[in-house]
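Just so you know, we're using the numbering used here here: the sequence shown kicks off at 416 and counts up by one. Each residue gets a CB set at the ideal place from its N, CA and C atoms; glycine is no exception. A quick write-up on the structure given underneath.
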Amino acid sequence: MNTPERKNKVLVVYTGGTIGMVQDENGSLHPFELERIFEAVPQLHRTSYQIDSCQLDDIIDSSNMTPSFWVDTANIIEREYDNYDGFVVLHGTDTMAYTASALSFMFENLSKPIVLTGSQLPIGMLRSDGRENLICALEIAACTKVRIPEVCIFFESHLYRGNRSTKVSAENFDAFETFNYPSLAKAGIDITFREHLMMPMPSEPLIVRKAFDNHVAVLKLFPGISPEVVRSMVTTPGLHAVIIETFGSGNAPTEKWFIDALNEGVERGLLIVDVTQCKAGAVKLCQYATSFDLDRIGIIGGADITIEAAVTKLMYLLGNYGDNKQMVKELFAKSLRGELTE
Numbered sequence: 416m417n418t419p420e421r422k423n424k425v426l427v428v429y430t431g432g433t434i435g436m437v438q439d440e441n442g443s444l445h446p447f448e449l450e451r452i453f454e455a456v457p458q459l460h461r462t463s464y465q466i467d468s469c470q471l472d473d474i475i476d477s478s479n480m481t482p483s484f485w486v487d488t489a490n491i492i493e494r495e496y497d498n499y500d501g502f503v504v505l506h507g508t509d510t511m512a513y514t515a516s517a518l519s520f521m522f523e524n525l526s527k528p529i530v531l532t533g534s535q536l537p538i539g540m541l542r543s544d545g546r547e548n549l550i551c552a553l554e555i556a557a558c559t560k561v562r563i564p565e566v567c568i569f570f571e572s573h574l575y576r577g578n579r580s581t582k583v584s585a586e587n588f589d590a591f592e593t594f595n596y597p598s599l600a601k602a603g604i605d606i607t608f609r610e611h612l613m614m615p616m617p618s619e620p621l622i623v624r625k626a627f628d629n630h631v632a633v634l635k636l637f638p639g640i641s642p643e644v645v646r647s648m649v650t651t652p653g654l655h656a657v658i659i660e661t662f663g664s665g666n667a668p669t670e671k672w673f674i675d676a677l678n679e680g681v682e683r684g685l686l687i688v689d690v691t692q693c694k695a696g697a698v699k700l701c702q703y704a705t706s707f708d709l710d711r712i713g714i715i716g717g718a719d720i721t722i723e724a725a726v727t728k729l730m731y732l733l734g735n736y737g738d739n740k741q742m743v744k745e746l747f748a749k750s751l752r753g754e755l756t757e
């Protein structure tokens with residue numbers, strides 16, 4: 416007697432976001448239950464793979480995202496890791512790149528796809544982009560012919576490395592981009608995978624690290640920034656790290672007060688990272704004289720990392736290795752999950 420062929424299995428984890436929202440009487444959008452999403456996409460009943468679903472205890476707008484929700488999501492995936500071929504996380508777009516980056520660092524030696532997706536319009540609306548995003552994300556997560564050992568974002572026909580992604584539009588359906596790395600796949604008539612761009616399949620077992628230290632701040636430079644603003648940032652009680660969003664390839668003011676303020680922070684044990692404000696390109700300390708002093712006083716160059724990946728990577732490293740600042744500095748400068756170019 417022939418045994419039935421095993422169906423591939425995908426678990427959908429619903430965290431909230433526009434894809435599952437409805438309008439109230441005032442026109443405001445609020446999240447609703449996961450079952451309503453599947454009711455809006457009847458095509459899912461025709462798939463050749465099994466779809467199971469669950470949701471976080473608290474469904475939120477992604478603007479309310481915190482590390483505790485990252486841990487809740489990771490707990491579900493870790494618990495069900497051996498039971499499914501892939502995972503789809505339904506998430507709001509505003510902080511999706513932060514969550515994708517955070518999950519990528521948490522899941523060391525990942526060998527299955529974790530695909531985040533969402534929409535710009537609620538899935539129940541006529542012109543919603545959510546249906547296509549969800550269907551394609553499920554197809555990718557269920558695929559076992561091409562294994563994707565990464566945390567990714569699927570949006571508007573493209574599969575992106577999660578920790579390279581940035582939200583670039585609040586209005587257009589093509590809301591995400593990876594300026595410093597090509598997309599991993601493109602969905603057209605067929606889904607074309609670019610396997611040579613994907614992370615290698617690990618040989619070690621999965622490790623999930625769930626500690627985060629959110630004593631991190633971001634200081635965006637602008638012409639005319641005052642000494643008081645900079646000093647108040649680097650002297651904030653309890654702060655462990657500051658990301659400075661600099662100009663161009665890592666350039667910053669050369670005035671003595673500015674360098675002295677940063678140097679005082681470094682001497683007190685503050686980790687300071689240099690990340691460019693530019694969407695594309697990389698920090699190259701000492702390429703121009705305006706970044707020479709930053710390198711001299713021990714500022715860490717962020718290469719071509721995104722601000723979303725920089726924030727979550729620092730939280731992750733400080734949470735897991737914070738008692739060894741030198742290790743944190745060394746690990747930040749390395750590519751752990753393909754988040755930067757060495």
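- Per DSSP, the beta-bridge partners of G716 are D689.
- For H460, the three-state secondary structure derived from DSSP is helix.
- CA-CA distance, E495 to E670, rounds to 54 Å.
- Apart from the 5 residues on each side of it in sequence, H506 sits with its Cβ closer than 7 Å to the Cβ of T430, G432, S477, T514, L531, G533 in its chain, given in chain order.
- Here the alpha carbon of V649 sits roughly 7 Å from the alpha carbon of L677.
- When DSSP states are grouped into helix, strand and coil, V743 belongs to the helix group.
- Secondary-structure assignment with DSSP links N666 through a beta bridge to F662.
- The three-state reading of DSSP puts A585 in coil, since its state is none of H, G, I, E or B.
- Cβ-Cβ distances below 6 Å link G717 to V688, D689, V690, V698, A725 in the same chain, with the five nearest sequence neighbours on each side left out; the list follows chain order.
- In the structure shown, the three-state DSSP call for L426 is strand.
- In the structure shown, Y513 adopts helical secondary structure according to DSSP, grouped into three states.
- With a beta-carbon spacing of about 15 Å, E757 and K744 fall beyond the 8 Å limit used to define contacts.
- Restricting attention to V561, L733, R421, the CA atom closest to the CA of M613 is found in V561.
- For V633, the uninterrupted beta strand (DSSP E) run begins and ends at 631 to 635, by DSSP.
- Rounded to whole angstroms, the gap between the alpha carbons of F569 and P668 is 38 Å.
- The alpha carbon of I715 has as its nearest neighbour, out of L686, A704, C701, the alpha carbon of L686.
- In the structure shown, the three-state DSSP call for S468 is strand.
- Annotation: the continuous alpha helix (DSSP H) that includes A724 extends over 722 to 736.
- Taking the Cα positions, D719 is about 42 Å away from R421.
- Rounded to the nearest whole angstrom, the CA to CA distance from S468 to E547 is 18 Å.
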